[in-house]
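Numbering (numbering that gives the first Met the number 0), first residue to last: 0 to 304. A quick write-up on the structure given underneath.
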Amino acid sequence: MRYTELSFTGPATFFKAPHRPLTEPWQAEVGLLGLPYDFAVGYRPGARFAPSALREASGRYAPGPEGWFDLETETYRLKGVRLVDAGDVDPAQLEYPETFRRITEAARALRGRVKLPVFVGGDHSVTYPVLRAYDDLEELHVVQLDAHLDFSDSRNGTRFSNSSPFRRAVEDVPGLKHITVVGLRGLRTSPEAYQAAKNRGHTLITASRVRENLPWVLAQLPKGKKVYLSFDADVLDPSILPGTSSPEVEGLSYGESLQIVRRTLEQNQLVGLDFVELAPNLDSSDLSALVGARLLAEVLACWAV
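Laid out in structure tokens, this is it:
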């Protein structure tokens with residue numbers, strides 16, 4: 000780790016971790032893989048730039064050999080955990096089947112190298128090919144923090160957009176048993192997607208319910224499961240993270256989101272994580288990228304406890 004460097008110096012890697020492409024042999028506790036693909040968005044593009052922006056922003060949070068010192072507990076977090084930047088999956092642009100094939104192949108390879116694979120998108124469509132790499136698990140649960148269901152059968156005749164990754168995933172991943180979605184809101188909810196998710200027994204929790212009764216929400220999270228955590232940047236209120244394709248007002252606070260993440264990790268085995276839908280070009284202040292990098296750091300610290 001190049002933690003002694005200034006945040007803005009040196010080649011930009013996730014948290015200044017060493018870059019080790021998947022074509023080389025290596026092992027680590029955590030591997031971060033960029034998925035710079037946003038050809039599936041229905042509104043504002045830019046998530047293709049998120050992996051590079053988050054690499055640059057995460058230099059601010061590069062952990063030293065002792066990890067990060069926590070003020071509240073007076074202990075170090077992430078101590079002894081080796082991080083590796085596995086580079087990016089090169090998308091095939093408009094050839095989405097080839098792009099998705101490459102993502103699934105890379106996700107499988109990353110799973111074989113690390114205890115915790117972290118996938119940095121990109122729009123939310125990339126979660127579908129990532130989840131295909133988990134088809135060996137007998138049972139998998141997803142916790143999805145998101146303003147939107149992303150469970151539409153199709154959008155404008157398109158079945159592989161960022162509105163449909165979890166609909167495609169439940170069709171193709173036999174072990175995907177349940178999805179818990181937290182943070183739902185907005186005026187554009189698809190009745191078809193909502194009813195399909197309800198019929199399948201998914202747990203659907205609105206942002207207003209989080210504000211009204213967070214302890215109740217925490218009690219609805221899975222327990223004792225293998226969990227894949229999918230964090231869509233638009234679950235946060237746009238006053239906190241404005242750089243996203245489809246922002247929705249009255250989102251979750253950073254603290255609320257982090258409590259949900261912490262409880263999820265405390266109660267389950269985290270087998271994968273993605274952070275998607277950050278569009279850094281839509282935020283000239285760079286605040287969104289810094290918030291996203293800080294969130295990734297917090298999740299890693301919670302996982303490593």
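Glycine residues also receive a C-beta, built at the ideal position from the N, C-alpha and C atoms. As the structure is a prediction and not an experimental result, all values here were calculated from the model.
Output yes or no for whether 8 angstroms exceeds the beta carbon distance between residue i and residue j.
i	j	result
ALA292	ARG76	no
ILE204	VAL226	no
HIS123	ASN155	no
PRO164	THR126	yes
THR263	LEU220	yes
SER256	LEU144	yes
ARG81	ALA146	no
VAL216	TYR253	no
SER189	SER151	yes
GLY242	ALA278	yes
SER284	LEU240	no
LYS15	ALA52	no
For the alpha helix (DSSP H) containing residue i, list its first residue and its last residue.
i	result
PHE99	95-110
GLU191	190-198
ALA46	No alpha helix (DSSP H) holds ALA46; DSSP gives it neither H nor E.
LEU289	286-302
LEU217	213-218
For residue i, which residues of its own chain have a beta-carbon under 7 angstroms away from its beta-carbon, when the five flanking residues on both sides are left out?
i	result
LEU109	LEU21, GLY30, LEU32, ALA85 and PRO116
PRO90	PRO35, TYR36 and THR98
VAL234	LEU144, ASP145, ALA146, GLY182, GLY250, LEU251 and SER256
LEU269	LEU115, VAL226, LEU228 and TRP302
GLU104	none
Taking just the CA atoms, how far does residue j sit from residue i?
i	j	result
ARG187	PHE38	21 angstroms
ASN280	GLY120	14 angstroms
GLU4	ASP69	21 angstroms
GLU137	ASP282	41 angstroms
THR98	ARG131	13 angstroms
LEU93	ALA11	27 angstroms
SER245	VAL298	23 angstroms
VAL275	ASP231	5 angstroms
GLY250	TYR42	19 angstroms
GLY63	GLY45	31 angstroms
PRO50	ASP236	21 angstroms
VAL142	ARG1	32 angstroms
LYS78	THR72	14 angstroms
VAL129	ASN267	20 angstroms
PHE7	HIS201	43 angstroms
PRO17	LEU272	20 angstroms
ALA192	TRP67	41 angstroms
LEU314	GLN258	The structure shown has nothing for residue 314, since the chain only spans 0 to 304.
GLU247	SER207	13 angstroms
LYS222	PHE48	35 angstroms
SER238	GLU265	28 angstroms
Taking 8 angstroms as the limit between beta carbons, can you name the residues of its chain near residue i, skipping five residues before and five after?
i	result
LYS197	LEU203
PHE159	ALA39, TYR95, PHE99, SER124, TYR127 and ARG167
GLN169	With the sequence shown as reference, residue 169 is identified as Val, and Gln is not the correct amino acid for it. Closer than 8 angstroms at Cβ, skipping near neighbours: LEU175, ILE178 and ARG199.
ALA195	PHE150, ASP152 and ARG166
Please list the terminal residues of the continuous beta strand (DSSP E) segment that includes residue i.
i	result
ASP273	268-275
SER229	225-231
ASP171	Taken as a continuous stretch (DSSP letters only), ASP171 belongs to no beta strand (DSSP E), being part of the alpha helix (DSSP H) at 164-171.
LEU32	27-34
THR126	Not the beta strand (DSSP E): THR126 falls in the alpha helix (DSSP H), residues 126-131.
ALA85	82-87
GLY41	Neither: GLY41 is in no beta strand (DSSP E) and is coded neither H nor E.
PHE159	Segment: none, PHE159 is in no beta strand (DSSP E) and carries neither H nor E.
ARG76	74-76
LEU183	175-183
PHE13	No beta strand (DSSP E) holds PHE13; DSSP gives it neither H nor E.
My guess is that residue i and residue j are in contact by the Cβ rule of under 8 angstroms, so how many angstroms apart are they, rounded?
i	j	result
VAL88	ARG19	Their Cβ separation, rounded to whole angstroms, is 15 angstroms, which puts VAL88 and ARG19 out of contact at 8 angstroms.
GLY185	VAL209	The Cβ separation is near 14 angstroms, so there is no contact.
PHE102	LEU34	Per the sequence presented here, residue 102 reads as Ile, with Phe not at that position. Contact flag correct, Cβ pair sits at about 6 angstroms.
TRP25	ARG107	About 16 angstroms; that fails the 8 angstroms criterion.
If you drop the 5 nearest sequence neighbours on each side, which residues of the same chain put their C-beta closer than 6 angstroms to that of residue i?
i	result
PHE13	LEU31, ARG54, SER57 and ASP84
ASP134	VAL172
GLU23	none
ALA303	LEU77 and VAL80
GLU65	TYR75 and LYS78
How about residue i: is its Cβ closer than 7 angstroms to a heavy atom in the ligand ADP?
i	result
PRO221	Within the structure as shown, the ligand ADP is missing, as the structure has no ligands at all.
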